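Visitor: Supplied in structure tokens, the structure appears directly below.
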Amino acid sequence: MLFYKTVTQNIFYLLNALRCLDSPLKTPFFEKQDNAYFYYLPLNEGVEIVSYEIFDTCFDEFYDFPSPIHESCFVVKIKNVLMINISNLERNKGEEYYIRVTTKENEKFDSKPFHFDQTEDNFVLSKLETEESVFYYGYSIQISLVIAIGIMAGAAFYFF
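At position 160 of the sequence shown the residue is numbered 160 (the UniProt record's numbering), and the sequence of numbers has no breaks.
Quick look at the structure:
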């Protein structure tokens, strides 16, 4: 059972990474003004956002069906930058968050994960997102194995 859960998670991460390759979302940045924290998400030109949802990334038995901890249809957009007040997120628990935006065409895109850093007293991108891409670094062995197995299966089918 654990094997199937791990395989399912790897497939989910691979599909999510492939989906993010054409994402209209750019790298977000954060700002602290007095006691308020803001999340700025740059967008590609012409992208119309109709709503957003904030999720925490704690996985449990319902990880396939995450429920948002905050959602809003009121979108504040300055030029091509979506501005979200994230002051109400927990800053002590060490949780990781991400934002899912919905476009006018009903497409959904996930932002890069972020968390609160006590030393900087601000939200920052998660470590994997700032050092190396998870798609290329974290899952390169699994992806290589899938490709190798596919090549061997194709060769076996062709020659036998």
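Glycine included, C-beta positions come from ideal geometry on N, C-alpha and C. Predicted model only: the values in this text are computed from it and were never measured.
Exposed or buried, what is ASP56 when buried is set at 16 or more other beta-carbons lying within 10 Å of its beta-carbon?
Guide: Taking the first residue of the sequence shown as position 1, residue 56 is located at position 56. The residue is buried, with at least 16 neighbouring Cβ atoms inside 10 Å.
Visitor: Would you call the region 103-113 and the region 66-81 touching, i.e. three or more CB-CB distances under 8 Å?
Guide: Result no; under three Cβ-Cβ pairs closer than 8 Å.
Visitor: Please name the residue in PHE160, VAL50 and ASP117 whose C-alpha comes closest to that of GLU95.
Guide: Position 95 of the sequence shown, counted from the first residue, corresponds to residue 95. Among PHE160, VAL50 and ASP117, the Cα nearest to that of GLU95 belongs to ASP117.
Visitor: Going by DSSP in three states, VAL47 sits in which element: helix, strand or coil?
Guide: If you number the sequence shown from 1, residue 47 lands on position 47. Coil.
Visitor: With DSSP collapsed to three states, give me the class of GLU132.
Guide: Residue mapping note: residue 132 aligns to position 132 of the sequence shown, counting from 1. Any reading at GLU132 must be qualified, since the residue scores a pLDDT of 48, below 50, and its modelled position is unreliable; the value itself is stated next. GLU132: coil per DSSP, three-state reduction.
Visitor: Between which two residues does the beta strand (DSSP E) holding THR102 run?
Guide: Taking the first residue of the sequence shown as position 1, residue 102 is located at position 102. Taken as a continuous stretch (DSSP letters only), the beta strand (DSSP E) holding THR102 covers 96-103.
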